[in-house]
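With this note's numbering applied, the sequence shown covers 31 to 591.
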Amino acid sequence: MGLAPPPLAAAAGGGVIRAEPGRPLRVFGEPADERRICRMIFDELCVLANGDIVCSCGDPSGKLVYGNVLRDRIAPIFDGKTYRAMRSWQLRTAATSWCPVIRQRCGGRVSSPEAGDRPDGRRVRMLQLEPISHCNLACPACPVTQFAADPAYRDDRPAVLPLATMLEVVDQLPALEKILFYNFGEPFLHPQAIDFLRIVRSRRPEVVLHTSTNGLAFTSAKIEAIAAETLLDRVVFSIDGATEKSYRRYRVGGSLARVLANLEHLAEAARRHGTRDRIDIVWQYILFEWNDSAAEIAAARARAAEIGVPLRFILTHTQGASRRLVAGAPELRDQLGVEDPWSASTCDLRAEAIEEAGSLTAGRFSAALTPVRDAIEARPGGRFVLELSVANRSRLHWSADREDRFQIGVQLRPASGPGRQDLPRVPVPAAARCAGGSADLLIDGRAPAEPGFYEIFLDVVEEGVTWFHERGSAPARVKLDVREDAASVSFEPDALAAELARQLTDLPVPDWQLADWAGLLASGTPIATLASWITAGLPEVEPRRTRAHAAICGRLGLRPS
């Protein structure tokens with residue numbers, strides 16, 4: 031047992047800790063061998079609707095405010111004394127220590143620190159942006175419902191961020207990779223939500239955009255804009271029930287019929303506009319005591335299948351949580367189709383699961399990535415191709431409701447200094463997602479135009495943001511020598527498309543389809559990704575994929591076919 035570090039308790043550098051009267055900031059736990067950090071403190075920024083910068087959604091009342099985007103620049107705040115003090119504390123204390131801000135164990139502290147994780151010099155990679163903290167529902171466990179009654183929330187907590195401020199926040203984050211356009215409150219009550227998404231998509235097309243919504247503030251115009259312009263990469267609808275009665279028990283003031291109509295409208299509009307494969311639309315269902323019957327679960331699954339969207343169940347830790355459907359219960363697999371309880375758990379339950387497993391990698395975050403060669407070469411601006419074996423070394427199946435939930439993340443890094451570049455990711459084959467399973471695949475990309483030495487960094491990524499090396503698994507690294515006299519890869523898109531057609535399909539492929547596939551390869555779509563698209567819905571995918579892998583390797587001169 032020990033007191034919180036003085037710099038943090040004093041909130042140096044402009045931060046403010048609003049401690050409860052008579053409650054000293056205390057930290058419990060002794061340092062353990064396995065270190066864990068909260069990645070949100072190191073690489074993410076959470077901005078509330080009143081402009082306050084807090085560590086994450088875990089601090090909805092602003093117990094520790096690092097700064098405010100309405101008056102402060104982000105860079106000096108994110109690299110300021112208060113942020114550095116929090117990072118230093120995490121790096122030197124036990125993972126089970128109570129967070130001195132929220133005064134309990136942090137559910138977000140589930141990442142293994144990397145060698146480069148230090149208190150200073152951090153860059154924001156992900157932004158959680160709360161555009162508005164008003165809502166059209168009154169969910170019992172939501173902080174928004176407590177704003178007026180709970181003195182922990184200041185009078186300015188209900189607020190709306192101006193469009194100009196939200197855009198300025200994004201402009202200040204050059205390393206930004208992803209925006210979570212939600213926190214507390216209904217984001218699409220913001221009068222300029224669509225304008226914000228449209229401008230960000232235009233200015234920063236490389237940034238991934240996710241949102242979570244109760245789905246009741248959508249108008250037909252908003253839905254059509256999202257679908258036609260691909261304004262979001264992922265839209266999660268919170269719908270906790272398959273009957274009006276059970277749905278309204280938690281989503282107080284809502285309408286199941288209306289939200290399901292909006293969910294169906296978005297799925298249909300995306301199909302009509304040809305963007306369905308680019309917008310991940312999810313029905314999220316929190317399991318409570320009043321909505322967890324086998325009959326209601328079956329009805330929800332049938333309705334989701336009818337609409338054509340995945341149904342994601344959530345095990346919660348809040349009051350009223352289901353007692354029948356819990357981690358380890360056979361019903362999770364038999365009735366919900368949930369093979370991996372981790373995928374259905376809140377961050378707090380995930381932290382508990384890690385403690386029970388004894389380490390991060392013991393449960394599920396253990397992958398073996400083995401390149402056939404540890405060094406390759408390529409000409410400036412030319413294509414490189416490498417063979418990689420990926421294996422699930424954990425004791426759990428990496429369950430996926432869609433092909434790209436688990437991917438091989440590929441980053442191109444200079445031999446020294448900054449300048450990391452994310453390259454297109456490749457889906458992890460189903461054979462490698464099984465516990466103890468493995469598969470071979472190709473990783474291809476375009477080399478930098480500037481000659482020199484680089485590193486290709488490879489790791490398994492879940493849901494686009496959870497890198498396995500951040501949970502203790504070992505990534506793979508391949509040296510890339512870019513020079514004018516390097517041997518070139520015989521990368522012929524037309525021939526590769528024709529080979530994929532021969533190996534993966536049972537019927538003749540029309541010329542226009544082959545030309546389309548060749549165009550995708552020429553524009554940078556990885557070979558393995560295109561192969562996964564071609565085999566979607568086909569029977570006996572793994573034999574086809576294995577056969578195609580060997581043939582493509584032979585065509586590229588990597589090894590005999």
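The beta-carbon is built from N, C-alpha and C at its ideal position, and this holds for glycine as well.
Please name the residue in the options whose C-alpha comes closest to that of residue i.
i	options	result
Val-490	Pro-505, His-220 and Gly-304	Pro-505
Arg-153	Pro-106, Leu-121, Gln-120 and Phe-248	Pro-106
Leu-210	Pro-192, Ala-194 and Val-230	Val-230
Pro-235	Phe-226, Ser-242 and Thr-243	Phe-226
Arg-476	Val-440, Leu-293 and Thr-496	Val-440
Arg-507	Leu-399, Val-237 and Gly-466	Leu-399
His-427	Ala-552, Ile-486, Ser-352 and Ala-462	Ala-462
Pro-217	Leu-588, Gly-97, Ala-558 and Pro-188	Pro-188
Gly-151	Ala-124, Arg-117 and Ala-178	Arg-117
Leu-442	Glu-480, Arg-425 and Gly-97	Glu-480
Val-339	Ile-486, Val-312, Leu-586 and Ala-531	Val-312
Gly-554	Ile-486, Val-415, Ala-528 and Cys-129	Val-415
Arg-302	Ala-255, Asp-102 and Arg-281	Ala-255
Arg-333	Asp-541, Arg-148 and Ala-291	Ala-291
Ser-323	Glu-361, Asp-307, Thr-305 and Ala-335	Glu-361
Gln-314	Arg-308, Gly-304, Tyr-277 and Thr-305	Tyr-277
Contact defined as beta carbons within less than 8 Å: I believe residue i pairs with residue j. What is the distance between those atoms, to the nearest angstrom?
i	j	result
Phe-395	Gly-502	6 Å
Val-95	Asp-109	Not a contact, Cβ separation roughly 16 Å.
Arg-264	Ser-142	Arg-264 to Ser-142, Cβ: 26 Å. No contact.
Gly-14	Gly-146	Because the chain in this structure spans residues 31 to 591, residue 14 falls outside the shown range and cannot be described.
Gln-222	Leu-203	Gln-222 to Leu-203, Cβ: 19 Å. No contact.
Asn-594	Ala-460	Any property of residue 594 remains undetermined from this structure, which presents the chain solely from 31 to 591.
Val-190	His-220	6 Å
Leu-239	Leu-261	7 Å
Ala-257	Ala-287	Ala-257 to Ala-287, Cβ: 21 Å. No contact.
Ala-578	Leu-544	Not a contact, Cβ separation roughly 15 Å.
Tyr-280	Pro-170	7 Å
Val-77	Leu-197	The Cβ separation is near 12 Å, so there is no contact.
Arg-135	Trp-128	6 Å
Val-200	Ile-104	10 Å between Cβ atoms; not a contact.
With C-beta atoms as the reference, is residue i less than 8 Å away from residue j?
i	j	result
Ala-269	Ala-297	Ala is not the amino acid found at residue 269; the sequence shown has Ile there. Result no, Cβ atoms of Ile-269 and Ala-297 do not sit closer than 8 Å.
Val-131	Cys-85	yes
Gly-215	His-164	yes
Arg-455	Glu-492	no
Thr-273	Ile-316	no
Leu-167	Gly-271	no
Trp-547	Leu-537	no
Leu-453	Tyr-484	no
Leu-586	Val-539	no
Leu-550	Leu-471	no
Thr-565	Leu-534	yes
Glu-319	Gly-350	yes
Val-289	Asn-244	yes
Ala-330	Leu-341	yes
Pro-401	Asp-474	no
Asn-80	Asp-186	yes
Val-420	Ile-406	no
Glu-500	Arg-69	yes
Ala-552	Pro-573	no
Would you mind reading off the limits of the beta strand (DSSP E) that contains residue i?
i	result
Lys-509	506 to 512
Cys-563	At residue 563 the sequence reads Trp, which differs from the Cys that was named. Element bounds for Trp-563: not the beta strand (DSSP E) but the alpha helix (DSSP H), 557 to 565.
Phe-436	436 to 444
Glu-214	A quick correction: the sequence has Phe, not Glu, at residue 214. Unbroken run through Phe-214: none, as it is neither H nor E.
Tyr-183	Premise fails: Tyr-183 is in no beta strand (DSSP E) and is neither H nor E.
Ile-316	310 to 317
Val-266	264 to 268
Asn-422	413 to 422
Thr-348	Note, Thr-348: premise wrong, no beta strand (DSSP E); not H, not E.
Ser-274	Per the sequence presented here, residue 274 reads as Glu, with Ser not at that position. No beta strand (DSSP E) holds Glu-274; the alpha helix (DSSP H) holding it covers 274 to 280.
Ala-408	405 to 408
Asp-452	451 to 457
Leu-159	156 to 159
Just reading off the alpha helix (DSSP H) that residue i is part of, what are its end residues?
i	result
Gln-134	Element bounds for Gln-134: n/a, residue is neither H nor E.
Gln-543	541 to 553
Thr-400	From DSSP, Thr-400 is part of no alpha helix (DSSP H) but of the beta strand (DSSP E) over 397 to 401.
Val-77	Per DSSP, Val-77 belongs to no alpha helix (DSSP H); it is in the beta strand (DSSP E), 74 to 77.
Pro-173	173 to 176
Asp-322	That residue, Asp-322, is in no alpha helix (DSSP H); it is neither H nor E in DSSP.
Gly-466	Run containing Gly-466: none; DSSP gives neither H nor E here.
Verify the contact flag: residue i, CB atom, against every heavy atom of the ligand ZN, threshold strictly below 7 Å.
i	result
Asp-225	Among the components modelled here there is no ligand, and therefore nothing to report on the ligand ZN.
Checklist entry - In the segment 473 to 503, which residue ranges form an unbroken beta strand (DSSP E) of at least 3 residues, counting only runs that do not cross its ends? => result 482 to 492
Item to check | Complete alpha helix (DSSP H) runs within the segment 81 to 151 (minimum length 4 residues, chain order) | outcome: 104 to 108 and 111 to 122
Checklist entry - Counting only runs that start and end within the segment 215 to 257, where is the alpha helix (DSSP H) found for 4 or more residues in a row? => result 223 to 233
Checklist entry - Of all the alpha helix (DSSP H) runs that stay within the bounds of the segment 516 to 540, which reach a length of 4 or more residues? => result 523 to 534
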